[in-house]
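Below: one structure, written as C-alpha cells.
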Amino acid sequence: MAASPTTGEVYVSDRHSGAIDVYAPSGEWKGIVPNPDDPRTAWAPLGLGFDGQGDLLVTDVALSGQRILQLGPDGTLQRRFEPELAAREDYVAAYRTGFGFHPVHPVMALYPLKRLRHAGRVLVAGAEDPAVVRHAGFEPVATVEDALAEAAATHGPNPSVAVVRYPPAVNRT
Numbered sequence: 135m136a137a138s139p140t141t142g143e144v145y146v147s148d149r150h151s152g153a154i155d156v157y158a159p160s161g162e163w164k165g166i167v168p169n170p171d172d173p174r175t176a177w178a179p180l181g182l183g184f185d186g187q188g189d190l191l192v193t194d195v196a197l198s199g200q201r202i203l204q205l206g207p208d209g210t211l212q213r214r215f216e217p218e219l220a221a222r223e224d225y226v227a228a229y230r231t232g233f234g235f236h237p238v239h240p241v242m243a244l245y246p247l248k249r250l251r252h253a254g255r256v257l258v259a260g261a262e263d264p265a266v267v268r269h270a271g272f273e274p275v276a277t278v279e280d281a282l283a284e285a286a287a288t289h290g291p292n293p294s295v296a297v298v299r300y301p302p303a304v305n306r307t
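Residues 135 to 307, numbered by our numbering, are exactly what the sequence shown covers, in order.
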C-alpha cells in the first residue's frame, strides 16, 4: 500500500488477484492500475512506493519474472529497472555465490512480517535501525525487558509473547 504524494490517492496491491486498486482520499474506489505491458496479462504487484516526482514504483513478482517498474501518474510504463539490476554479471555472481541480494529480496523478506499487522501491537526489541521497524508498521523498543513492560502495561500481567530468532547464519550475535 502506498499513498501518492501529489494526489493523496491510496494504491493497494494484491498480488494474488493481480491488481493494484486505487482509492480516492475519501475512500472511494477509483479503479485499478493494469499490467502496463498488456492489461490482459497476469502480473503480481507486491511492493508499492512513490518516487520524488510522484511516479508509482511497483515490484512485480509474477512467475514470468520479477521486475521493478516505474509508472507515470496515468499508469503508463516510464522505466524498467530489472535489466540493470537482474542481468549484470557482477550482481548475478553476488546473488548466486556472495552476500548480494536481488532488489526484490527485501520486499519478499518483509512481506510475510506485514501479516502481523492484524495483531494489536508488535514490538521489536534491539533493532539496529528503528526506522526500518517503523517502516514495517511495528514499534521499536530498546530491550526485551522494555517490550515485556510495554506489553504488560497494555494487556495485563500475562501478555502473549512471540520470539523470532534468526538462524546463526543470519544472526549477528
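Beta carbons are placed, not taken as given, at the ideal position from N, Cα and C, and that holds for glycine.
Bear in mind that the values here come from a model prediction, so they are computed numbers and not experimental data.
- Thr288: member of the alpha helix (DSSP H) spanning Val278 to His289, first to last residue.
- For Pro179, the enclosing beta strand (DSSP E) begins and ends at Pro179 to Phe184.
- Linking Phe215 to Arg201 through their CA atoms gives a straight-line distance of about 7 Å.
- In this structure, Thr140 is the residue among Ala261, Ala227 and Thr140 with its C-alpha nearest to the C-alpha of Gly183.
- In this structure, DSSP gives Arg268 a helical state, which the three-state scheme calls helix.
- Taking one beta carbon from each stretch, the region 262–272 and the region 280–288 have fewer than 3 pairs nearer than 8 Å; the two do not touch.
- Take the alpha-carbon of Val192 and the one of Trp177: they are about 11 Å apart.
- One Cα belongs to Pro168, the other to Val156, and the distance between them is close to 11 Å.
- By the C-beta density criterion, Gly161 is exposed, having fewer than 16 other C-beta atoms within 10 angstroms.
- Here Ser147 is buried: its Cβ has 16 or more other Cβ atoms, across all protein chains shown, within 10 Å.
- As DSSP reads the structure, Pro293 sits in no beta bridge.
- Just so you know, the alpha carbons of Ala158 and Ala287 end up roughly 37 Å apart.
- Ala153 carries a strand assignment under DSSP once its states are collapsed to helix, strand and coil.
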